[in-house]
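Engineer: Residue numbers (the UniProt record's numbering), protein chains in the order written: chain A, 1 to 368; chain B, 1 to 1316.
As C-alpha cells, this is what we get:
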C-alpha cells in the first residue's frame, strides 16, 4: 500500500486528475457513466441548408412586422428642432455668438421665431442639443468627484485629485469641482406662444422631473443633508471658474438647488457621443382637450451664454413628444425591416442553391 | 569475521588513510563508513556527515519561499510579464486607463489560479513525503546495541538497517547479511521498473560465510563506491576490510530504495545512498514539458495579435494627435488640461495616448487563453483516462497521460514509428520448432493443436456474433465462458481468442509468474525428438553406471542432450513454486571437494593485485578452514575469484561422478518428479527464455533450481544434475547473445553454452575444418533458420564450447581483472565475453513464435487509412520482421518490396539511386494518366488510401506514395543515415507505403525518427515497449510506451502509456482528433472573441476624439473575458465532438483533418479576425444609430453594447458548437445569468463609487427600457447572419459537416467497386 502510493506519486507526477486515489485492491476500471465516457445525450444541429432555411424564413417573417411597427411608432413622434448657434449672419443669435466670453457679465439675449405646423398633443420634452462637444473625452469623463456631489463634507472641502486642475481656485475648493461641472451648459431658454391675435403667451416649462430619480435622490445630495441654508452649507467653497453664480444660487426652489439642481444633474451625466441632446424642460399636458402645443407661431428667447464656436460646435433646441421607445428615431425600425428582408433574401438564395445541389447529393446517396 | 586481519592492522590503517587522502582529490567516489564507529551521526569526525540523509522533500516550495518562487516561475512565461507590465503601466497617472487596482485584477487572478494549482500539487507532494518520511524501519543503535525503530527520515548513510520480509527498502542498501542459507535476498522491483518477477541479490562476498548473525559492532570495512547516479543497472565499488582485502561490489549487492523484500526473513545492510541520492529518487524526474504543434502555431498568432494591437494603438495615437491639432490654440472646454494645469502638445498627448491605448486594448492579447488551454487540456486528459475502451482488464491498467500538454498533438500525427516485439506482438513467446544437429523437428502436433484452438475460437466468436439480441447474448457468453474454462482445464488454452473470460483466467494463472501463459508451458513434444532424448539419457545413465567416459556417446545424441541442457541452463530464469508463490525451490547438493592443491592454484592464478603476499596465504587458509567446517559450501559460492579457483582445483577426482551425485534423492521415478514439475514456475527476464525453459521441460529436461552458483536440472533417467555455474555472461544488445560457463557434472568439463541471435552465433562457429559433420550441421541449420524466419519465428542458435583447463584459467585471469575494475568495467567485461565466445560448436536452433497482439492488423489498417505512415523499426532479423509485417498487414502481398541490403557506403548509395530511378519510373508511368492526377489533386487528403483491387491501383495510387514497401537492414541503415545519403534515403522511404528497418540498434531507431522529423517536418509518434525504444520515444514528437512486459523504462520515457497497441487506434483517431479539433476551435474562438470585444472600443475612438475613452465600464472590460464569457467556451472546448467516436473509428480518413491542420490554418485566424471586426462593427453601430442624437449617457449606452457583444459571442459559440449537451445549455445560461446578476449587483451597490463610470442604477433602468430588448434581439442576428450564411453556403455543395465527412469516404469506398 505504501509502496503503491509512493510509486503513484513518483510516476504520475502532476497527473492528479485520475480521481480520488483508489486503493490497490479496487480495480482501476473507469466508470461507465455517460459523462465520463463522453456519451452525454446531445443535440447535434447540423448546419445544412435544410435546417437553417426555416430559421432564416422565420427570422425574416418575425423581423419585418416588428420593424414596420417600430417605424410607424417612430414616425408618429412629433419633433421640432431649431439651431440657434448663430453661425450665419442672418441668424438672430449671430451677434451674441460673436462677442462671447465665459465671464461676460452682460447677458446677451436673442429671439428665434418658429412655426409648428402640427399640434403636439402629449407632454412635450424640451431638449438642448450640442454637436461636436466631446463630453466623452477620457480625461473629461473622469473629471468629477462623486463623493462631493453626494454631499460628503470632507470631499466638499478637499475634492479628489480626479478634479484637477479644477479642484481649487484661489486656494478655495471648487464646488462642484471638475471639468464637467465647470463646462456646464448655461444658456437660458424660454418659450412663448404667439397667439394669432398677437399676444405672447409664455409657456410654463417644468424644471423638475428631468433627471433620473435615483440621481436626484441617491447619487446627488447637498452637503448637510436637508439644511435649507445652502449658502452656509457651501461656506468656504468657491464657484467653478466658468460659472456666473455659485452652486447654491442655481434655482430659487430649495428642492432644486445646489447639487440636486436637475439641470446640473442632467449635465453631469456625460453624453455617449459628441452629438447629443439633454433634457432641458418638460411641458406638461394641461388637459386632454387642449394640445400641449397647438399649431402656430412660437418664439424662443435665448440668453446666450454658452460658447461653442471655439470647437465648431452647434447648439439646438428640440421640442419632441416621446413614445414607449423614446424619442424619434426611425433607425431601429429600418434596421429590423432590413435584417428581416436580408434574412428572407438569403433564405431564398439558400433555397435555390439547396434545390440545385441537394438533388445531386441525394442521387449520390442513392447510388451507394 | 574480520578478526583475522588484525595483525597486519598497521598496513591496513595506512591504506585506509591513503584512501581517505585521495578522496577529496579525485572526488569521483563516495566513501562510506559505518556510523556506529562514531558517536554522533552528524558529528565532526563522521566521514558520512556530508551525505544526504534519508529525508525526502519533493516539494518545490516552503511556506516562505512559495510566493517569490512561484511568481518567479510564472514570470518565465512571457505573457505573464506582459500583463504585469500593462497592469503597472496603469499606475502611471498620465497614461492610466483604468483604476490601477482594478487593472491588476486579471493578472492577479491568472497568477493566483496558477499559484493555487501549484500550491495544491505541492501540498500533495508534501503530504506524501511526510507519509514516506515517517515510515518505520529498524536501525542499529550504537547506544542500545540493538536494532530500534526509526522513521525513514532518520536513516543516514552508514547506518545498519535490518529488513524483514515484505518490508520496503528505505534507502539504497548494501546487503551484508541475509537469513537465507544461500546468502541471498529476493526483492521485487515493481515500483522501480514495473517488473514483477523476483530478483536475487547477494550478500557481499566477504560476509558470505557468516554462520551466526551479522554483528554490526564487528563491522569495520570501508566502502568505496561511485557517486550517486541514476543508473538502476549499475553499481560499482569495493569494500576495504580492515585486513586490507578489497572485495568488489556489484549491483547484485545493492538493494534499491522502493523495492520490497520478499522470500527472505531478514536481511541486514548498510545504507550507501540515502534520500535524494538514492537511485530511485534520482530516476524520478517529473512530467515532461513539451510544446505542441498547435501551441506553436498559436504563438505565431499571439504575436500577430500584438502587431494588430500596436497598429490599432498607433492609429489611435495618430488620430488623437490630429484631433488635438485641429483645435489649434483654441482649447475646447472638454479637452481637460493635465492635473498640473499644463497644456500638452498634440505630439506628447499622442505618445501618452499610445500607452493608454495599450492598456485599453490589452484584452486583445488573450490573457486567459493560456489558463483556459491548460484547464481544457487537463479535462481532456481526464476524459482520456476515463475512457473504458482504453482500459485493459487483463492488466487492470488504463492509459496514462504522462505529458499533460500535448494531447492535441495526438490528432496531428503523420508518421508512426513502431517497435515490433512487445508492441505489435504480445511478447509472449511460444516454442514452435527446433533443429538439433542439423535435423529438424517440426513439432507438428503443436501447430495442429494451435490451429484447432483457433478454429474453436472462431466458431465461438461466430456463435456469439450471430446470437442476435442483447438479452440472449448474456446467456450465450456465460455458456461460452463455461466452455472455455472447461477447455482450459482439460487441454490448456492460449490467449489469442479475444474471449475475456479466458484472458482473465490466463491472467490469474500468470499473476505470480511473469511470462508464463498456459500456452508457453503447454508444448507437445515432437515424438521423434522425445525418443532420442530418452535414448540418449538412458545411454548416459548406463554409461555413468558403468563409469564409461561420456565421450563415447554418439555425437548426435550428445548434441541433443547438450542442446536441452543449454536450453535449460543458459538463461537467468528463476524457479519458484506456485503454492508458495514467492518461495524459491531449494535443492542443494553438497559436493565434496578436496583442497589439497589449492595453494598452488592460488599462487598460479590469483592476480597479484587482488591478494598479495602474506594475505593470500592467510585468506586461503581461511578458505580451507571454512570449507572443511561447512562441508565445502564455499565451493558453491558466487563465481568469485577464490572459490572459482578452488573449484578449478578439483583435480579430476577419480570418483568424481559418484561424488557429484552423492545425495541425489532416491526418487528416480520420472512420474513422481513430473508431479512436482507441474508445480514449478519459471520467472524470466525475457519471455523467450521462459519459453525455451518450458520447451525443454516438455522433453523432461526441467530446470528445478537456480542458485547464483549452481543450476539444478532434472533429466530423464539421470535424475537431478547440478551444474556448477562458473560465470554468466549476460545478454546485451551489441553481442546479441548470452553465455554461461558451467562445469558439466557428468563429463566434468568446463563447458560454455551460448545462446543468441543466429547472425551473432553463426559467425562464431568454429571454422569448418574440424569435420564434415559440423559443416553439414551448420549449412543445414542455416537452411532451417531461413525457413523459420520465413515463418515469422524468432530464431535463436544454441552453441557450446568445451574449454580446457588451461584455456579457462587464462581467460579467467583477464576476466577477474575486468570484474574488479572500477573504471571501464563494462567495456572490459564486454571484451572478456568476446574472447570467450569464439570457436563455438553449433548444437541447434530454435524457432519461437511471438504472437501478434490482438487487433494489430486491424489497427494498422485503420491507422494507415487515417493517412499515417507506419514504419516499423525492429532489432529482429530481416526475414522475421518481414513476416511479422505481412502478418500484421503492414506489407501487402500485392505490393512490391524494395529491399536494401548493402555492404558498403558505395553499394548503399548505388542501391538508393537505383530505387529512386525505379520509383521515378513508376511515378512517371502512373502520372501519365491525367485523370488519375486530377483525381488525386481533388482528393489530396485521401491519397494514401489503399485501393482494394490492383486493377484500380492506377487510379488510387497516390503520386507521392507508391504501393511499395521498403525493407532495410541495420547495416544498410547505418550507411543510409549518413549525411551524404540521408536525403536520398528519405526520398525513397517517403515514396514507399511502408518501411521496415530490421536489425536496428536503439540509436539508429532514434536517428531515423529524428531524420524524418527534422527533414520532412512532420509530426512523429514513436511507440515501443522496451528499453531499446526509449531513445526513439524521447526523440519523437509524441512518445508512446506500451506498459507491457519488458519493464517500465519505455513508459517512464513516454508521454502516453498504453496497455496495448490496438488502443493506439482510439487514442489517435478519436481522442487525438477530438483534442485537436476542440483545442483548435477553442483557440480560434478565443482570438475571435477578444478581437471582437476590443474592436468595439476601437470603433468608439472615432467618436471620442481618440481619447482612449471606453463606453464599456472598466469592470465589464476586465471581467468580460475572465468571467462572463469564460465558461461556455471551456465546456465546448472540453466536450464538443465534431464527429462521433464511432464514425471516427469507422472512417479513419477523417484523421487527415488534423494531419493537415485543417481546423487551424493561418488563413482561419485572419478569417476569424475579419469576422470579429465585422461583428463588432454591427454590435457597435446598431446601438450607435439607435441612440444617435439622444440624451443617452456614456455608460447607459455602453452597457447595452457589452450585453450585445456577450450575446453575439455566445450565439457565435453556439454556431460553432457541434454537439449540444445539457452542459452547454447550462454554461450559456449560467454565463448570461452571471452577467446580469453581476451587473445588477454592481450597479446597485454604491452610488458614489467606481469612478469614472459610476454606473448606479444603469442596468436597472435599461431593463425597463424596451429599446434595450429590441437591440438584444436584432444585433446578434444581424452580426451572425452572414457568418451563418457562409457556413451553410460552403457546406451545401459538399454537403454539411458531419454529413460531408460521412459521405465522402462512402463515395471513395464506392469508387473502386464501380471500377470493377
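Note that beta-carbon positions come from the ideal geometry of N, C-alpha and C, so glycine has one too.
Going by C-alpha to C-alpha distance, which of 536(B), 1077(B), 842(B), 1098(B) sits closest to residue 1152(B)?
Structural biologist: For residue 1152(B), the nearest C-alpha among the options comes from 1077(B).
Engineer: How about the region 153-167 of chain B and the region 265-282 of chain B: do they share at least three Cβ pairs that are nearer than 8 Å?
Structural biologist: Yes, since at least three Cβ pairs between the region 153-167 of chain B and the region 265-282 of chain B fall closer than 8 Å, the two stretches touch.
Engineer: If you measure from the beta carbon of residue 343(A) to each beta carbon in chain B, is any gap under 8 Å?
Structural biologist: Yes - at least one Cβ of chain B is within 8 Å of the one on residue 343(A).
Engineer: For the region 306-320 of chain A against the region 49-63 of chain A, do three or more pairs of beta-carbon atoms, one drawn from each stretch, fall closer than 8 Å, so that the two count as touching?
Structural biologist: Judged by Cβ distances under 8 Å, the region 306-320 of chain A makes no contact with the region 49-63 of chain A, as fewer than three pairs qualify.
Engineer: For the region 121-133 of chain A, list every residue whose C-beta sits within 8 Å of some C-beta in chain B, in sequence order.
Structural biologist: Those residues of the region 121-133 of chain A that come within reach of chain B (Cβ to Cβ, closer than 8 Å) are 127, 129, 133.
Engineer: How would you label residue 1219(B), buried or exposed, when you count the other beta carbons within 10 angstroms and need 16 or more for buried?
Structural biologist: Classification for residue 1219(B): buried.
Engineer: Taking buried to mean at least 16 other C-beta atoms within 10 Å of its own C-beta, is residue 352(A) buried or exposed?
Structural biologist: When all chains shown are included, residue 352(A) counts as exposed.
Engineer: Name the chain B residues that come within less than 7 Å of residue 169(A), Cβ to Cβ?
Structural biologist: Within chain B, no residue comes near residue 169(A); the closest Cβ sits about 11 Å away, beyond 7 Å.
Engineer: Taking the beta strand (DSSP E) that residue 1102(B) belongs to, which residues open and close that run?
Structural biologist: Note, residue 1102(B): premise wrong, no beta strand (DSSP E); not H, not E.
Engineer: If I measure Cβ to Cβ from residue 621(B) and keep anything under 6 Å in the same chain, skipping five residues before and after, which residues do I get?
Structural biologist: Confidence at residue 621(B) is low in this model, with a pLDDT of 35, below 50, so the placement of that residue is unreliable and no value is reported for it.
Engineer: Since residue 289(A) meets chain B, which of its residues come closer than 8 Å, beta carbon to beta carbon?
Structural biologist: Simply none; closest approach about 30 Å.
Engineer: Let me know the alpha helix (DSSP H) ranges lying completely inside the region 1183-1236 of chain B, each 4 residues or longer, listed in chain order.
Structural biologist: The region 1183-1236 of chain B contains these whole alpha helix (DSSP H) runs: 1194-1216.
Engineer: Could you confirm whether any beta carbon from chain B is found closer than 8 Å to the beta carbon of residue 267(A)?
Structural biologist: So, not an interface residue.
Engineer: Contact between the region 370-382 of chain B and the region 1094-1103 of chain B: three or more CB pairs below 8 Å?
Structural biologist: They do not touch, by the three-pair rule.
Engineer: Find the residues of chain B that neighbour residue 42(A), judging by a C-beta separation of less than 8 Å, and give them in chain order.
Structural biologist: Correct list: 1137, 1219, 1220, 1221.
Engineer: Looking at residue 293(A): is its Cβ nearer than 8 Å to the Cβ of residue 116(A)?
Structural biologist: A contact, by the Cβ cut-off of 8 Å.
Engineer: Closest to residue 1216(B) by CA distance: which of 1226(B), 1143(B), 1088(B), 1265(B) is it?
Structural biologist: Ranking the options by Cα distance to residue 1216(B), first place goes to 1088(B).
Engineer: Can you tell me whether DSSP reads residue 64(A) as helix, strand or coil?
Structural biologist: Reduced to three states, the DSSP call for residue 64(A) is helix.
Engineer: Tell me whether residue 1107(B) is buried or exposed, calling it buried when 16 or more other Cβ atoms sit within 10 Å of its Cβ.
Structural biologist: Buried.
Engineer: Counting pairs of beta carbons, one from the region 277-286 of chain A and one from the region 1196-1205 of chain B, are three or more of them closer than 8 Å?
Structural biologist: No, they do not touch.
Engineer: Just checking: is the beta-carbon of residue 164(A) within a distance shorter than 8 Å of some beta-carbon in chain B?
Structural biologist: Cβ-Cβ to chain B under 8 Å: yes for residue 164(A).
Engineer: Find the nearest neighbour of residue 807(B) within the set 839(B), 777(B), 776(B), 899(B), judged by alpha-carbon distance.
Structural biologist: Ranking the options by Cα distance to residue 807(B), first place goes to 839(B).
Engineer: Can you round the beta-carbon distance between residue 905(B) and residue 975(B) to whole angstroms, since I take them to be within the 8 Å contact cut?
Structural biologist: The Cβ separation is near 5 Å, so the contact holds.
Engineer: Please confirm whether residue 743(B) has its beta-carbon closer than 8 Å to some beta-carbon of chain A.
Structural biologist: It does not; no Cβ of chain A falls within 8 Å.
Engineer: Rounded to the nearest angstrom, what separates residue 722(B) and residue 712(B) at their Cα positions?
Structural biologist: Whole-angstrom Cα-Cα distance: 4 Å.
Engineer: Please tell me whether residue 84(A) has its Cβ less than 8 Å away from any Cβ of chain B.
Structural biologist: It does not: the Cβ of residue 84(A) has no partner Cβ on chain B nearer than 8 Å.
Engineer: Using C-beta distances below 7 Å, list every residue in its chain close to residue 420(B), excluding the 5 sequence neighbours before and after it, in chain order.
Structural biologist: 872, 874, 876, 881, 884, listed in sequence order.
Engineer: Smallest Cα separation from residue 761(B): which of 726(B), 836(B), 987(B), 812(B)?
Structural biologist: When only C-alpha atoms are compared, the closest one is 836(B).
Engineer: Quick one: list the residues of chain B neighbouring residue 150(A), beta-carbon separation under 7 Å, in chain order.
Structural biologist: Correct list: 1247, 1248.
Engineer: Please classify residue 225(A) as buried or exposed, where buried requires at least 16 other C-beta atoms within 10 Å of its C-beta.
Structural biologist: Per the 10 Å Cβ criterion, exposed.
Engineer: For residue 1112(B) and residue 1198(B), which I take to be in contact (beta-carbon distance under 8 Å), what is that distance rounded to the nearest angstrom?
Structural biologist: The pair is a contact, with the Cβ atoms about 5 Å apart (cut-off 8 Å).
Engineer: Can you tell me where the alpha helix (DSSP H) with residue 1142(B) in it begins and where it stops?
Structural biologist: Per DSSP, residue 1142(B) belongs to the alpha helix (DSSP H) from 1141-1146.
Engineer: Would you say the region 1225-1243 of chain B touches the region 127-136 of chain A, given that touching needs at least three Cβ pairs under 8 Å?
Structural biologist: No, the region 1225-1243 of chain B is not in contact with the region 127-136 of chain A.
Engineer: Kindly say whether residue 218(A), judged by its beta-carbon, lies nearer than 8 Å to any beta-carbon of chain B.
Structural biologist: Yes, its Cβ sits closer than 8 Å to a Cβ of chain B.
Engineer: Three or more C-beta pairs under 8 Å: does that hold for the region 361-380 of chain B against the region 76-84 of chain B?
Structural biologist: Segments in contact, yes.
Engineer: Out of 697(B), 729(B), 843(B), which has the shortest C-alpha to C-alpha gap to residue 765(B)?
Structural biologist: The option with the nearest alpha carbon to residue 765(B) is 843(B).
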